[in-house]
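Peer 1: I'd like to ask some things about the structure below.
As structure tokens, this is what we get:
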């Protein structure tokens, strides 16, 4: 390869020779092969560094710093380094570029343009530390109204006539998004499932099956039925809180899954129920679903297969016409609907789709919520929304826009140690999160990771209560779709119109 | 000990056969009602269930387990035996789409035609169809450990046969069953286009002299079957012929062609990872 075709590096690994003890710990910890020992000193290959910070954290002498390499390229406001690197990579390789995590383009966040209301004088706020504020919600299909029958002989004997469809209670309006064993490691899955079990919230299994070790956490796991039907057998259908038909994912709407054969080791093979070493290809569409009627058929099939015991939902990526699709899904019999916005995460997706397809979750929640209310369907189902709910403020705003439950992925990974280096698809995660290599996976301590997730969501729940208290609302269910408690301060009044949120000052 | 007694109790009832009428008073009942009746019968220990006058009811046999036997008179609806794990279903007639959808184990025998997308994502079991089938049959069937799905079709198939196939066997025989009971060679093309597109494991056998080269999909390659290949299908073919009263010698009158994947990773080179 001639010199002019080598992509410039992003980072520089600086080793302070005065502090370096030459213990080579950094070399063993760098899973990307950026560090080596040449017999005399530690040397760095900057082109391989992904700035995952593992060496920095592990160096006993604190001798390493990873800094930004910004001196190389002539500046150009339009042909940024990113664009140039994409072109160099593609002209060198000729393939579809992969990427991980969520859309990283600096597109303005609508959540950041929304402000919350608080009580002053005319309605009292509530002190969440001393009064009860309810953050639990009911997940699944809800009856439109309750019917009672009164005993003709004894009018005091009243019994409920309405038959409830499958639903259950969770303690916070929160679900950890679908990350399969395959995209993340066994230890990461275990930490997540233990945490949601402890918190009584939900986690998604992803489409890669459910390892038998995780069955005991099934009451807090929503398992996924995707186009590849990996790992879907009777035990999978039985050990679950709810089943979700995955139509799309925010990071890659319209795209199938592709777990490369080299990642299909015995653990993945066992969980997905596919042979070792074979690619795990998820077809782009479900080939038994070409219409809303077909979708209704699969919903009905799953209800039959689970004997009407658990809620059945559908996940779609937030795209241009999500609202009418959502109506079809609810009319098709879904008990819950999951919307995944264009910033939603992934372990591997073509960069072109991750960065350019779909719409922001804020707009999708608002339009779906509005349309379902127009059709008189909104209160029947649970609406789960995700796609970059980064912290509690985003969760609160998503609920006020119309979601029942916020779906969260990246913050969970970051809580476990992820530095957002965006190399998940390479399977080399030095923190043991997005890897299947045993020597890397064991770096992630399950107990530590679990406790950090529990702490994170405990703090979110407390912050949610603080905000509800300040708004004078005593239950999170009363915040849902309560857009009057939001105001818009962004640059585009059309967005406020679509969100059905007033501008600040109005 | 308690468990043993219960199981013993069940085995005593095992010989019992139950008939369920799917259209009492001439009106077909809802699939939900029919399936509820099937589950009640299974829970009361019936091992053989005969369903009469079946008229398009969906999801028959869904997620049922064990050595149950179903005989269906009529035409069952879509998703026959979906998620099924073990039972045997015989249909005295044709079936609609997606029979054997995501089946884990069991046998489905259709004494007629099959619809589209038969055996979608099946992981194990056998699906034997006497006559013709529609589009995308055997899509994404996959093998795993001792699980090895087998689909045999006596007639012909349409486009996208064995798409995304990740294991198992598909055999198409290209026969035609005349109303008078005679069996002749089917003159129509044995399969449609995009044959085995995306196949990355498993084999598709086609009993034909046709040139299939132009019909092959991405990742599929045409071979003359070797001795080992033919040996692999022999017992399944004998079983198929026995079930549908086809003289086994008839099978040998035309040669087989076999489609195999070019790689376990047909799309491995399509993607590249780079630090951007």
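Residue numbers (this note's numbering), protein chains in the order written: chain A, 136 to 641; chain B, -12 to 263.
We put the beta carbon where it would ideally sit given N, CA and C, even for glycine.
Since this is a predicted model, take the numbers as computed values, not measurements.
Mind the definition here: the segment 74 to 93 of chain B touches the segment 50 to 64 of chain B only if three or more C-beta pairs lie below 8 Å; say whether that holds.
Peer 2: Yes, they touch.
Peer 1: Since residue 267/B is in the beta strand (DSSP E), which residue starts that stretch and which ends it?
Peer 2: Within the shown structure, residues of chain B are numbered from -12 to 263, placing residue 267/B beyond reach of any answer.
Peer 1: Among the residues of its own chain, which have a CB less than 7 Å from the CB of residue 302/A, if the five just before and after it don't count?
Peer 2: Against the first chain, residue 302/A aligns to sequence position 167. Cβ neighbours of residue 302/A beyond the five flanking positions: 273, 274, 275, 276, 277, 446.
Peer 1: Could you name the residues of the same chain whose beta carbon sits closer than 6 Å to that of residue 111/B, not counting the 5 residues immediately before and after it, in chain order?
Peer 2: Here residue 111/B corresponds to residue number 124 of the second chain, with the count starting at 1. Same-chain partners within the cutoff: 91, 92, 134, 136.
Peer 1: Spatial neighbours of residue 245/A within its chain, please: C-beta separation below 8 Å, excluding the five flanking residues on both sides.
Peer 2: Numbered from its first residue, the first chain carries residue 245/A at position 110. So the qualifying residues of the chain are 495, 497, 498, 625, 630, 634.
Peer 1: Just the Cα atoms here: how many angstroms apart are residue 484/A and residue 248/B?
Peer 2: Here residue 484/A refers to the residue found at position 349 of the first chain. Here residue 248/B refers to the residue found at position 261 of the second chain. Rounded to whole angstroms, residue 484/A to residue 248/B spans 25 Å at the Cα level.
Peer 1: Leaving out five residues before and five after residue 333/A in sequence, what residues of the same chain have Cβ atoms less than 8 Å from its Cβ?
Peer 2: Working through the first chain from its first residue, we reach residue 333/A at position 198. Here the set comprises 585, 589.
Peer 1: What residues in its chain sit with their C-beta under 6 Å from that of residue 374/A, if we drop five residues either side in the sequence?
Peer 2: To locate residue 374/A, count along the first chain from 1; it is residue 239. So the list reads 350, 353, once near-sequence residues are dropped.
Peer 1: Would you identify the three-state DSSP class for residue 277/A, choosing helix, strand or coil?
Peer 2: Taking the first residue of the first chain as 1, we reach residue 277/A at position 142. Residue 277/A: coil per DSSP, three-state reduction.
Peer 1: Going by the CB atoms, is the gap between residue 330/A and residue 592/A shorter than 9 Å?
Peer 2: Against the first chain, residue 592/A aligns to sequence position 457. Against the first chain, residue 330/A aligns to sequence position 195. In this structure, residue 330/A lies closer than 9 Å to residue 592/A by Cβ.
Peer 1: Taking residue 413/A as the query, report the chain B residues whose CB atoms sit under 7 Å from its CB, ordered along the chain.
Peer 2: Reading the first chain from its first residue, position 278 is the one you call residue 413/A. By Cβ distance, chain B contributes 153, 187, 188, 251.
Peer 1: By DSSP's criteria, residue 57/B is part of a beta bridge. Which residues make up the other side?
Peer 2: Position 70 of the second chain, counted from the start, is the residue given in the question as residue 57/B. Answer is 36/B, 76/B, bridged to residue 57/B.
Peer 1: Taking Cβ-Cβ distances below 7 Å as the criterion, which residues of the segment 213 to 243 of chain A are in contact with chain B?
Peer 2: Residues passing the 7 Å Cβ filter: 217, 220, 221, 224, 228, 230, 231, 232, 233.
Peer 1: Can a CB atom of chain B be found closer than 9 Å to the CB of residue 469/A?
Peer 2: Your numbering for residue 469/A matches position 334 in the first chain. Output row for residue 469/A: interface = no.
Peer 1: So, for residue 108/B: in the same chain, excluding its five sequence neighbours on each side, which residues have a beta-carbon less than 8 Å away from its beta-carbon?
Peer 2: Taking the first residue of the second chain as position 1, residue 108/B is located at position 121. Answer for residue 108/B: 88, 89, 126, 127, 128, 129, listed in chain order.
Peer 1: Give the residues from the segment 86 to 106 of chain B that approach chain A closer than 8 Å (Cβ to any Cβ), ordered along the chain.
Peer 2: Listed by position, the residues of the segment 86 to 106 of chain B near chain A (Cβ gap below 8 Å) are 88, 89, 91, 104.
Peer 1: If you draw a straight line from the alpha carbon of residue 455/A to that of residue 385/A, how long is it in whole angstroms?
Peer 2: If you number the first chain from 1, residue 455/A lands on position 320. If you number the first chain from 1, residue 385/A lands on position 250. The straight-line gap from Cα to Cα measures roughly 12 Å.
Peer 1: Could you tell me the distance, in whole angstroms, from the CA atom of residue 293/A to the CA atom of residue 287/A?
Peer 2: Reading the first chain from its first residue, position 158 is the one you call residue 293/A. Reading the first chain from its first residue, position 152 is the one you call residue 287/A. Cα to Cα, residue 293/A sits roughly 10 Å from residue 287/A.
Peer 1: Please work out which residues of its chain come closer than 8 Å, Cβ to Cβ, to residue 336/A, disregarding the five sequence neighbours upstream and downstream, and give them in chain order.
Peer 2: By one-based count along the first chain, residue 336/A stands at place 201. Taken in chain order, the residues that qualify are 305, 306, 307, 309, 310, 311, 355, 592.
Peer 1: Looking at the secondary structure, which residues open and close the beta strand (DSSP E) in which residue 473/A lies?
Peer 2: In the first chain, the residue the question calls residue 473/A occupies position 338. 471 to 475 is the extent of the beta strand (DSSP E) around residue 473/A.
Peer 1: Pull up the CB-CB distance for residue 227/B and residue 139/B, whole angstroms please, since I reckon it's below 8 Å.
Peer 2: One-based indexing of the second chain puts residue 227/B at position 240. One-based indexing of the second chain puts residue 139/B at position 152. At roughly 5 Å, the Cβ-Cβ gap stays under 8 Å, so residue 227/B and residue 139/B are in contact.
Peer 1: Going along the chain, which residues of its own chain have a beta-carbon closer than 8 Å to the beta-carbon of residue 606/A, five neighbours each way excluded?
Peer 2: Sequence index remark: in the first chain, residue 606/A carries index 471 (1-based). So the list reads 251, 252, 253, 254, 260, 614, 620, once near-sequence residues are dropped.
Peer 1: Pull up the distance between the alpha-carbon of residue 153/A and that of residue 204/A, whole angstroms please.
Peer 2: Your numbering for residue 153/A matches position 18 in the first chain. Your numbering for residue 204/A matches position 69 in the first chain. Taking the straight line from one Cα to the other gives about 22 Å.
Peer 1: Whole beta strand (DSSP E) runs in the segment 184 to 261 of chain A with 3 or more residues, listed along the chain?
Peer 2: If we require 3 residues or more, the beta strand (DSSP E) runs fully inside the segment 184 to 261 of chain A come out as 199 to 203, 231 to 234, 249 to 251.
Peer 1: Following the continuous beta strand (DSSP E) through residue 248/B, name the residue where it begins and the one where it ends.
Peer 2: For the purposes of this step, residue 248/B is taken as the residue at position 261 of the second chain. Looking at the DSSP string, the run of the beta strand (DSSP E) that includes residue 248/B is 243 to 248.
Peer 1: Taking the alpha carbon of residue 208/B as the point to measure from, which residue in 55/B, 69/B, 187/B, 98/B has its own alpha carbon closest?
Peer 2: Within the second chain, numbered from 1, the residue matching residue 208/B stands at position 221. Residue 187/B is the option with its Cα nearest to residue 208/B.
Peer 1: Name the residues in the segment 560 to 583 of chain A whose C-beta lies less than 7 Å from a C-beta of chain B; which are they?
Peer 2: Within the segment 560 to 583 of chain A, the qualifying residues are 560, 561.
Peer 1: At the level of alpha carbons, what is the spacing between residue 473/A and residue 388/A?
Peer 2: Translated into positions along the first chain, residue 473/A becomes position 338. Translated into positions along the first chain, residue 388/A becomes position 253. Going by the C-alpha atoms only, they are around 13 Å apart.
Peer 1: Would you be able to state if there are at least three C-beta pairs under 8 Å between the segment 168 to 178 of chain A and the segment 226 to 246 of chain A?
Peer 2: In short, these stretches do not touch, since the Cβ pair count stays below three.
Peer 1: Can you give the Cα-Cα distance for residue 200/A and residue 481/A, rounded to whole angstroms?
Peer 2: Locating residue 200/A in the first chain gives position 65, counting from the first residue. Locating residue 481/A in the first chain gives position 346, counting from the first residue. Going from the Cα of residue 200/A to the Cα of residue 481/A covers about 28 Å.
Peer 1: Are residue 393/A and residue 417/A touching if we call contact CB-CB under 9 Å?
Peer 2: If you number the first chain from 1, residue 393/A lands on position 258. If you number the first chain from 1, residue 417/A lands on position 282. In this structure, residue 417/A lies closer than 9 Å to residue 393/A by Cβ.
Peer 1: CB-CB under 7 Å to residue 411/A, same chain, minus the five flanking residues each way: which ones, in chain order?
Peer 2: The residue labelled residue 411/A in the question sits at position 276 within the first chain. So the qualifying residues of the chain are 399, 400, 401, 404.
Peer 1: Sort 491/A, 344/A, 340/A, 369/A by Cα distance to residue 357/A and report the nearest one.
Peer 2: Walking along the first chain from the start, residue 357/A turns up at place 222. The shortest Cα separation from residue 357/A among 491/A, 344/A, 340/A, 369/A belongs to 340/A.
Peer 1: Run through the DSSP bridge pairs and tell me what residue 484/A is partnered with.
Peer 2: Mapped onto the first chain, residue 484/A falls at position 349. Paired residue(s): 234/A.
Peer 1: Between 149/B, 152/B, 159/B, 132/B, which lies nearest to residue 142/B when the distance is taken from Cα to Cα?
Peer 2: Within the second chain, the letter at position 155 stands for residue 142/B. The option with the nearest alpha carbon to residue 142/B is 159/B.
Peer 1: Give me the DSSP bridge partner(s) of residue 225/B.
Peer 2: Numbered from 1 along the second chain, position 238 holds the residue referred to as residue 225/B. Answer is none; residue 225/B lacks a bridge partner.
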